[in-house]
């Protein structure tokens, strides 16, 4: 027997990895149980390539992060010791526990069901870069394709693609570090070549689901994975070429150019860009977004720069031979810049990559997607170059003070500033300063090479080492556990009469929800936030229960740690949201009566009135108010949960409190169905 752990942001992502393994392995026997209130164990027996397999997978949902100590130990400690210095963490980590109770990380995975366009395409680059430094394999799994929708009509807009340089950065980083870092594209529900001309020259053979499953199995068996790694990276390259063919001519590298760069045995993409000098780097800034002398700086960059892979990305190159001129001209724009700064900036020993970005939101808050910009540059270039970051967006006074006096402290407390300071040799600010007595402007010049070097040296020559496995029982229970309990009970215990249409625990996404309507599964994708068009409150769970009544029941559930955290009138809003979405034709549907059950575009709306929709509030008994108080939120049913961990039972007590006749009937049905299963992991009251 071999024990593995799947640590994840939430139970959905833990189980997604488990399903990938099960799909590839097709085990002879599978058993599922709770070994702690929030820890599921999948046990399976199978064989692969002549080897007998007896595997146990412990699923630990909810990481220790954001100052939350959920588990008695931190799986990220090994990564940090090996040089992972960003707080941006992957969705899933797979590890193995040996007979000495030592836990070794085997693989990190990131899932993305969001539209890969604009700065969203590189939002997660910090995770890839940071994990990649440790030698741990890292896979970024993209659901392809996703459509941007019209807010008012939910009609599909034109398909948008990421810049080809983004997936190429994974290939470049993998090639130059020797660590396996790759993007994998998985076919999404909406992928349909027959209805979208933009996809006609995409080859389905470049989807990597089959290689993904086999790669993970061979990794867990400690077999040679070189064949799968090569196949995945080759398909990654095919994706790059496809995206390059979709980009604007004249301002992006072509598919042939990316292939030429990939085939180079000496030099790197930065040298290639300087030699080719295909186009300049130009940062487009709206007139009302310019600040101070940013317009003059952009004009200076236009005159001296060359583009790196694409003119549409917010970075380019000042060639080494032009650095002195660039520094001298920058000093004319900013005459107060110190001579030492200008002298260092003007050194012509290395090419200078320049990034230009707003950086922060209008109120000075951290702009999360841009945390990945400098890591993207580092992954793409993978070269010994200098980097300068020019920022023109608002900065908070307290952050500016730390930047002036204690930049290392600022880097530790703020993710975007850490990205900037850890990966830039120079930082220039021409910004408005907020959150002070009177808004004012600030111009700053920082030589941050020593800070960059200190981060670069973290984990230098270190290897990913095992750590003692910590107990799989949470130190405290919260919203993660409420979601895990609901998901486990209704899918693994009551699965024969319950269909999970959506599960969105913390760290998840609102990528879509489904219902069963006759013989069809109908699914709405890219769920919007509440707006003037879509009202209500997006649920955390949508469960469809066949309760033997005239209509199937939809449970729309809001989960919280504390009942006091439920917002006013949330029960009404949970139902209103589903009703609002069901006014639209589903994005996709599939015929469950057919063998293939392939997705196709939705063709017929579902009738909201064909379902009984009931709102539910779920929370922990430890933080429960009197039921009469909670019912004031207009939820029709309350699920009050308490974890159980003793010699008699490991699982959950769920008190179901109804407020109407129909919800009482549903409670009775759920209890009777549970009794009929013979399971003993839950107590229902």
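Numbering (this note's numbering), first residue to last: 2 to 686.
The beta carbon of each residue, even a glycine, is placed where N, CA and C say it ideally should be.
Just so it is clear, the structure is predicted and the values come from calculations on it, not from any experiment.
- The continuous stretches of alpha helix (DSSP H) do not include residue 146, and DSSP gives it neither H nor E.
- The C-beta of residue 503 has 16 or more other C-beta atoms within 10 Å across all chains shown, which makes the residue buried.
- Closest in C-alpha terms to residue 646, from the list 35, 240 and 15, comes 35.
- Cα atoms of residue 171 and residue 10: separation of roughly 23 Å, rounded to the nearest angstrom.
- Residue 92 is not a Cβ neighbour of residue 106, given a cutoff of 9 Å.
- By DSSP's assignment, residue 30 forms a beta bridge with 46.
- Under the three-pair Cβ rule at 8 Å, the segment 591-608 counts as touching the segment 520-535.
- A direct Cα-Cα distance of roughly 41 Å separates residue 352 from residue 8.
- Just measuring C-alpha positions, the residue of 564, 585, 542 and 600 sitting nearest residue 575 is 542.
- Under DSSP, residue 53 shares a beta bridge with 48.
- For residue 671, the uninterrupted alpha helix (DSSP H) run begins and ends at 662-678, by DSSP.
- Checking the DSSP bridge columns, you'll see residue 515 partnered with 524.
- Distance from the Cα of residue 4 is smallest, within the candidate group 102, 38 and 67, for 102.
- Cβ contact annotation for residue 90 (same chain, cutoff 7 Å, sequence separation greater than five): 64, 66, 77 and 128, in chain order.
- Its chain contains 525 as the residues whose beta carbon lies nearer than 6 Å to that of residue 582, once the 5 sequence neighbours on both sides are disregarded; these appear in chain order.
- In this structure, residue 414 lies near residue 403, with their beta-carbon atoms less than 9 Å apart.
- When DSSP assignments are scanned along the segment 366-420, the uninterrupted stretches of beta strand (DSSP E) that are 3 or more residues long and fall wholly within it turn out to be 387-392.
- In its chain, beyond the 5 residues on either side, 160 have a beta carbon closer than 6 Å to the beta carbon of residue 199.
- With contacts defined as CB atoms closer than 9 Å, residue 513 and residue 580 fail to qualify as a contacting pair.
- Here residue 237 is not near residue 188, since their CB atoms are 9 Å or more apart.
- Residues of the same chain with a CB within less than 6 Å of the CB of residue 177, apart from the 5 flanking positions on each side, are 383 in chain order.
- For residue 469, DSSP records a beta bridge to 103.
- The way I'd put it, the segment 473-482 doesn't touch the segment 454-463; fewer than three beta-carbon pairs between them come closer than 8 Å.
- Pairing residue 251 with residue 281 gives a Cβ-Cβ distance that is not under 9 Å.
- Per DSSP, residue 482 has no beta bridge partner at all.
- Between residue 162 and residue 244, the C-beta gap is smaller than 9 Å, which places the two residues in contact.
- Taken through DSSP and simplified to helix, strand or coil, residue 530 comes out as coil.
- Assignment of residue 428 by DSSP, reduced to helix, strand and coil, places it in the strand class.
- Three or more pairs of CB atoms, one per stretch, sit closer than 8 Å, so the segment 44-64 contacts the segment 19-33.
- The beta-carbon separation of residue 425 and residue 453, rounded to 6 Å, stays under the 8 Å limit for a contact.
- The segment 614-621 makes contact with the segment 559-567; the number of CB pairs closer than 8 Å reaches 3 or more.
- Per DSSP, reduced to three states, the secondary structure at residue 2 is coil, with no helix or strand assignment.
- In the three-state DSSP reduction, residue 600 falls in the coil class, being neither helix nor strand.
- If you keep only unbroken beta strand (DSSP E) runs of at least 3 residues inside the segment 623-650, you get 638-646.
- In terms of CA proximity to residue 533, 578 leads the group 565, 490 and 578.
- Apart from the 5 residues on each side of it in sequence, residue 270 sits with its Cβ closer than 6 Å to the Cβ of 262 in its chain, given in chain order.
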